Amino acid sequence: MSAAAETRHGRQGLDISDLGRPDTLRYNVLTFVINEEYDRALKALKDFIEGDSDYPDFKSRNDRYVSHATDLIYAIRTKRNFPGINALTRTKQQELRDKFKEHFKELKTILRKIEVCLEELRLNDAKTTRILVKSVWLATFALFVSGLFIEFYQGMGMTSVVVFNEFIDKTMNWLFRTVL
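For the sequence shown, numbering that gives the first Met the number 0 puts the final residue at 179, and the numbers step up evenly by one.
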């Protein structure tokens, strides 16, 4: 990060941890906004929402956040590049700076909400996958147990009944022959 960007971080009261991990949407957008590269920040948001996603309801859940973040970037751009800012009174200049800081904090919050939403989608996907794997395992186990019961009662069960009946018949015949 450049020295000018670090100076801007200090002026805005921004902690480096507020940016998030590098190569995330939050990091990229906030860094672009800090460096006054608004078009790149807007492009990053547009690419993010229009990109392919593994989750079916990704766009519907994040579209409103991205739209709001886009509006905030435009508002920040307007506040920072206000024409004739030097002609305004100190109070008005301070109001613009405060409004800029307020918009920037709100942008950080919105980008965090997008990250939370993505995490929820990822966790829901993992839960669904876990439920599916568990269901397949239980179905396989139920089929195996059913197969054992069928084999025992129709295959070995019938054989056991025939052997048991034959044993009883021979035992009874032997008893009747020896007793009578």
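Built from N, CA and C at the ideal position, the CB exists for glycine as well. As the structure is a computational prediction, the values presented were derived from the model and not from experiment.
For this session: Work out the CA separation of ASN27 and GLU5 for me, nearest whole Å.
Result: Numbered from its first residue, the sequence shown carries residue 5 at position 6. Numbered from its first residue, the sequence shown carries residue 27 at position 28. With a pLDDT of 42 at GLU5, under the threshold of 50, the modelled position of that residue is not reliable, and the figure given next carries that caveat. Approximately 15 Å between the Cα atoms of the pair.
Problem set entry | Proximity below 7 Å, CB of ALA43 to CB of VAL32 | Taking the sequence shown and counting its residues from 1, one reaches residue 43 at position 44. Taking the sequence shown and counting its residues from 1, one reaches residue 32 at position 33. No.
Problem set entry | Anticipated Cβ contact below 8 Å, LEU106 with LEU71, distance rounded | Here the question's residue 106 lines up with position 107 in the sequence shown. Here the question's residue 71 lines up with position 72 in the sequence shown. In this structure LEU106 touches LEU71 by the C-beta definition: roughly 4 Å separates them, less than 8 Å.
Problem set entry | Three-state secondary structure assigned by DSSP to GLU101 | One-based indexing of the sequence shown puts residue 101 at position 102. GLU101: helix per DSSP, three-state reduction.
For this session: Report the rounded CA-to-CA distance for LEU18 versus LEU24, giving the unit in angstroms.
Result: Mapped onto the sequence shown, residue 18 falls at position 19. Mapped onto the sequence shown, residue 24 falls at position 25. Using only the alpha carbons, I get a separation of about 9 Å.
Exercise. Do CYS116 and ARG60 have their C-beta atoms closer together than 7 Å?
Worked result: Within the sequence shown, the letter at position 117 stands for residue 116. Within the sequence shown, the letter at position 61 stands for residue 60. Going by C-beta atoms, CYS116 is nearer than 7 Å to ARG60.
Exercise. For ARG20, which three-state DSSP category applies?
Worked result: By 1-based counting over the sequence shown, the position of residue 20 is 21. The answer is coil: DSSP assigns ARG20 none of H, G, I, E or B.
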